[in-house]
Ligand code: DX5
Ligand code: ZN
């Protein structure tokens, strides 16, 4: 599948968020990754639907909301209203996968599931037919700028092999500590959707940052 690069705006300069988004859009970003944190599911708070609506108003990029929140069902309509195209929920907080995934899809959005580094792949395999994306966390969720966890590579490979065997058309995403060195490892393991915050927004040359992730060499 085509390699897609998704800047995570958590690492952007929030004093000039609109400019930062235009820079990554011009530099070839395939979509934007919006980290939504509630201070309960993860020990950090980020931003919510009002900021997402503002982002929607300044870019035509595809927007995916990564919901690191408790009780995501309650907020899915608000993020749909704010203009995201895809909502990724966490497997660790979903009592009824089909109900929540259908809730997302009934609103016309694509649905994805994310699993933390220590969560088993078996948690999501029964639901792949409902998914557009699976997102492997390669750090403990909650903060940008953390070190990549290489122990997740075997899980990415197992997931990629399973998806290939069953011929599902699913983006295999990775999120956390992705930079050119780790990008080559996750692409070899089968990932095609690379989320990066620090590696992109920490580099003044956005074009170089994005192309080095897409072609890590
Ligand atoms: C962490 C977020 C990631 C994070 C990635 O909970 O889900 O998207 O912002 O940031 P970097 O690329 O800096 O590790
Ligand atoms: Zn994320």
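Residue numbers (the working numbering): 181 to 397. Glycine included, every Cβ here is placed at the ideal spot set by N, Cα and C.
Contact fails between the region 336 to 353 and the region 381 to 394, because fewer than three Cβ pairs, one in each stretch, are under 8 Å apart. Look at residue 351: its beta carbon is at least 7 Å from all of the heavy atoms in the ligand ZN.
Checking the 7 Å criterion, the Cβ of residue 207 is out of range of every heavy atom belonging to the ligand DX5.
Fully enclosed beta strand (DSSP E) runs of no fewer than 3 residues occupy 290 to 295, 313 to 317 of the region 288 to 324, in order along the chain. The region 206 to 221 and the region 243 to 253 touch, with three or more beta-carbon pairs separated by less than 8 Å. Residue 332 places its beta carbon 8 Å or farther from that of residue 313. Leaving aside the five residues that flank residue 316 on each side, the residues in its chain whose CB is nearer than 6 Å to its CB run, in chain order, 332, 336, 354.
Rounded to whole angstroms, the separation of the alpha carbons of residue 268 and residue 306 is 17 Å. The beta-carbon distance between residue 244 and residue 213, rounded to whole angstroms, is 6 Å. This is short enough to meet the 8 Å contact definition. As for any alpha helix (DSSP H) of minimum length 4 sitting wholly inside the region 205 to 244, the runs are 229 to 238, ordered along the chain. Shown here, residue 246 sits in a strand according to DSSP, grouped into three states.
Each of 394, 396, 280, 390 was checked against the Cα of residue 207, and the nearest Cα belongs to 390. Separation of the CB atoms of residue 205 and residue 239 is rounded to 6 Å, and the pair is thereby assigned contact status at 8 Å.
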